[in-house]
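Here's the structure we're looking at; comments come further down.
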Amino acid sequence: MLARAIDQLVRREGPRVLAGLIRWSGDFDLAEEAFQAACAQALEAWPRRGLPERPGAWLTTVARRRAADLLRRRRPDVPLEPPLADGLAAEAVEPESLPDVEDDRLRLLFTVCHPALAQPAQVALALRTLCGLTTAEIARAHLEPEATTAQRLVRAKRKIAEARIPFEVPAADRLAERLDGVLSAIYLVFNEGFSATEGDSWIRPDLSTEAIRLGRLVVELLPGEAEAEGLLALMLLHDGRRPARTAGDGALVPLEEQDRTRWDRGLIDEGTAVLDRAVGRGQPGPYQLQAAIAALHARAAHPQDTDWPQIALLYGALLRQSPGPIVELNAAAAVAMAHGPEAGLAWMERIDRSGALAGYHLLPAAQADLLRRLGRTEEARAAYGRALALVRHPAERRFLERRLAELG
Amino acid sequence: MQYIVLIYGSEKGWSSMSKQQVEQMYAEYATYSQDLAKAGVLRAGSELKPTTTATTVRVRGGKRQVTDGPFAETKEQLGGYYVIDVPNLESALDWAARCPSARDGSIEVRPLAQSAQG
C-alpha cells in the first residue's frame with residue numbers, strides 16, 4: 086500500500102523535479118541518472134522514516150547531491166562549475182521556492198519538441214522526461230524494439246547537448262511558430278494512443294492520457310493560446326467517446342453505431358467548456374475547428390440528430406486553413422451526410438483520380454460505405470475489397486470484414 | 010559556441026541571373042556580413058568558386074587519386090560558408106535564416122567540434 090503511494094508520489098512529482106534538475110545542470114543524462122538514484126533512495130528511505138513533508142524538495146536535494154557525486158567521479162580533476170556548487174550549498178532545496186519552477190516544465194517541452202529534432206525523437210523524449218515513462222514503456226507504446234527507442238533517446242539527447250539546443254521558451258516573435266510544433270507532437274502522442282484499440286491496451290501505456298496531461302500543461306502554462314485550448318478540447322472530446330469505440334471482441338464501432346450512453350459525459354463537458362473559452366478568444370485555427378466538429382457529434386443524442394450541414398461547413402473552413410487530401414476526404418464524407426451520398430461520392434471519385442490518397446484504406450472504405458447506402462451492392466463489395474487489401478490495423482480490418490459480410 | 014553555416018544553392022540558378030540580380034545578391038550578402046560583424050559574432054567566412062573549379066583527392070592503399078569536380082552530383086552545391094560564434098543553436102538558426110540564400114537554397118548549421126565547451 087505504502088509502496089504504491091510512494092510510486093504515485095514519485096510519478097506526480099517526478100517531471101517537475103526532473104525538469105528543474107535539467108535546467109540546473111544543463112545535462113539531460115546527468116539529471117536523469119541523479120533523478121533515478123533519488124527515486125531509488127526514496128523507495129528505500131520513505132517506508133522506514135515516513136514521507137517527507139515536501140517530497141519534491143526531498144527528491145531535488147538528494148538528486149543534486151547525487152549529480153555532484155557523479156560529476157566528481159567522472160572528472161575528479163575539474164572543480165564543479167558555480168551553478169552546480171551553488172545548488173549544493175543550499176541545505177534543503179525547495180522546488181516551490183525556485184524561480185519559475187513551473188516554467189521549467191514548459192522550457193523542457195519546448196526543448197524536447199525543438200524542430201531540430203526529428204518528430205519521433207521529440208515524442209520519445211517528451212514521454213520520457215515529461216510523462217516519466219520508462220524506455221521499455223515507450224518502446225511498447227510504439228511497438229518497436231527497446232534498443233531502437235533507447236538509441237533514439239540517446240541520439241536526441243546528444244544532439245541537444247552537442248548542437249546546444251537552448252533550454253528555454255522561445256521569444257514572443259517565434260512562439261507561435263514553435264508552439265505549432267509542440268502541439269503537433271502532443272497530437273501525435275494522442276493519436277498513437279487513440280488508435281491502440283486492440284486487445285493489447287493492457288500492456289500499452291495509455292498514451293492518450295499522457296497527451297491530455299501534456300495538453301493541460303501547455304494550456305495551464307501558456308494561458309490565452311486559443312489553439313492550445315483547441316487541441317486540449319479536441320483530445321478531451323475524442324477521449325470522451327472512447328468507452329463506446331470498441332466492441333467486446335475488439336472491433337471498431339463506427340460513430341453512428343456507438344452506444345452514446347457509454348460516452349464519458351464528464352470529459353465531453355470539459356472539452357466543450359475548453360472549446361468555448363478558446364473560440365471566445367477570436368483566434369480561429371485548425372484544432373479549434375476539429376474540436377468544434379467533435380463537439381457537434383458529442384452533442385447529438387442520436388446519430389440522426391447530428392447537425393451534418395454545420396459539420397460540412399466546418400470541414401470546408403478546415404480545408405481552407407489546412408488543405409490536404411485526408412481533410413478533403415472527411416469533408417466529402419460530411420457533404421455526403423448533409424446533402425446525400427451522390428454528392429460525397431462524386432467528390433471522393435475526384436480525390437481517387439488525383440492519386441493523392443493512393444494506398445490509403447479509408448478512401449475505398451468511405452466509398453464503399455456510400456455505395457452501400459445507395460444500394461449499389463456490387464460496387465460496394467469491390468470497394469470493401471480494395472479497402473481490405475490496404476488496411477493494417479486488426480480492429481479496423483474486423484470492422485470492414487463485418488460490413489462486407491453484411492452486404493450478403 | 011561556434012557554428013559553421015554552410016550555404017547550399019543552385020549554381021545554375023546563379024548563372025541564369027541577370028547582371029542586376031547578381032549585383033543585388035552581392036549587395037545583400039555585403040549587408041548580411043556587415044550585420045554579422047557588427048553583432049560581433051562573425052569569425053570567418055567566404056564565398057567559394059563554383060564546383061567546376063573543385064578537385065577531389067583520395068588516398069587509397071597509399072596511392073593518391075585525384076579527380077575532377079566534387080564527389081557527387083546534387084541539385085544544390087556548397088557555395089560559401091560563415092563561422093559564427095553565438096550562445097546556442099536557436100541564435101545560430103536565427104542568423105542562418107537571415108542569410109540571403111536561405112530564400113532559394115538551404116543552409117546547414119553545424120557546431121564546430123572543438124568549440125563544444127566554449
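Sequences listed follow chains A and B, in order. Under our numbering, the first residue of the first sequence carries the number 86, and numbering increases by one thereafter. Under our numbering, the first residue of the second sequence carries the number 10, and numbering increases by one thereafter. Quick reminder that beta carbons are idealized off the backbone N, C-alpha and C, glycines included.
- At a Cβ-Cβ threshold of 7 angstroms, Leu374/A and Ala318/A do not count as neighbours.
- For the segment 83-111 of chain B, the beta-carbon criterion of a distance under 7 angstroms to any beta-carbon of chain A is satisfied by Asn97, Leu98 and Glu99.
- Not flagged as an interface residue toward chain B: Pro140/A, since no C-beta distance is shorter than 7 angstroms.
- Taking 7 angstroms as the CB threshold, Pro251/A lines the interface with chain B.
- Scanning the segment 368-448 of chain A for uninterrupted alpha helix (DSSP H) segments of 4 residues or longer gives 371-384, 393-406, 410-424 and 426-439, listed from N- to C-terminal end.
- Per DSSP, Ile297/A is one residue of the alpha helix (DSSP H) stretching across Leu292 to Leu306.
- Here Arg487/A has Ala336 as same chain residues with Cβ atoms under 8 angstroms from its own Cβ, once five neighbours each way along the sequence are excluded.
- Not a single C-beta of chain B is nearer than 7 angstroms to the C-beta of Ala385/A.
- Only residues of its own chain outside the window of five on either side were considered, and among them Tyr12, Ile13 and Leu15 have a CB closer than 8 angstroms to the CB of Arg119/B, listed in chain order.
- Leu381/A sits close to Gln395/A, with the two beta carbons spaced by under 7 angstroms.
- Straight-line measurement puts the Cα of Ile436/A at about 36 angstroms from the Cα of Ser110/B.
- In terms of CA proximity to Pro205/A, Ala226/A leads the group Ala226/A, Asp189/A, Glu305/A and Ala119/A.
- The C-beta distance from Ile116/B to Leu45/B rounds to 13 angstroms, too long to meet the 8 angstroms contact threshold.
- For Phe484/A, same chain residues with a beta-carbon under 6 angstroms away, outside a window of 5 residues either side, are Ala336 and Leu337 in chain order.
- Separation of Thr65/B and Glu56/B (C-alpha to C-alpha, rounded to the nearest whole angstrom) is 19 angstroms.
- Classified as buried, Glu98/A has 16 or more neighbouring CB atoms from the shown chains inside 10 Å of its CB.
- DSSP places Thr64/B outside any alpha helix (DSSP H); the residue lies instead in the beta strand (DSSP E), whose first and last residues are Thr64 to Arg69.
- If you look at Ile13/B, you'll find it in the beta strand (DSSP E) that goes Gln11 to Gly18.
- Interface with chain B (7 angstroms Cβ-Cβ cutoff): Ala270/A is excluded.
- In the same chain as Ala472/A, and ignoring 5 residues on each side of it, the C-beta atoms closer than 7 angstroms to its own belong to His446, Pro449, Ala450, Ala453 and Leu485, in chain order.
- Taking C-beta separations shorter than 6 angstroms and ignoring five residues to either side along the sequence, the partners of Arg366/A in its chain run Ala311, following chain order.
- Between the beta-carbon of Arg192/A and that of Phe252/A there is about 5 angstroms, and that keeps the pair under the 8 angstroms contact cut.
- The C-beta separation of Gly351/A from Gln406/A comes to about 30 angstroms, leaving the pair out of contact by the 8 angstroms criterion.
- Annotated as distal: Leu322/A and Gly300/A, with beta-carbon spacing of 7 angstroms or more.
- For Leu337/A, the beta-bridge partners assigned by DSSP are Thr331/A.
- Using a Cβ-Cβ cut-off of 7 angstroms, Ala248/A counts as an interface residue toward chain B, since at least one Cβ of chain B sits closer than that to its own.
- For the pair Tyr35/B and Gln29/B, the Cα-to-Cα distance works out to about 10 angstroms.
- Residues of chain B whose Cβ lies closer than 8 angstroms to the Cβ of Ala201/A are, in chain order, Leu98 and Leu102.
- Here Lys58/B carries a coil assignment [DSSP, helix/strand/coil].
- Under the three-state reduction of DSSP, Pro205/A is assigned to helix.
- The segment 109-123 of chain A makes contact with the segment 146-162 of chain A, as at least three CB pairs between them are under 8 angstroms.
- Pro59/B is outside the set of residues whose beta carbon lies under 7 angstroms from a beta carbon in chain A.
- Looking from the CA of Pro328/A, the closest CA among Gly425/A, Thr234/A, Thr346/A and Glu481/A belongs to Thr346/A.
- Burial of Gly325/A is indicated by the presence of at least 16 other C-beta atoms within 10 angstroms of its C-beta.
- When DSSP states are grouped into helix, strand and coil, Ile116/B belongs to the strand group.
- In the DSSP annotation of this structure, Lys84/B is not part of any alpha helix (DSSP H), being labelled neither H nor E.
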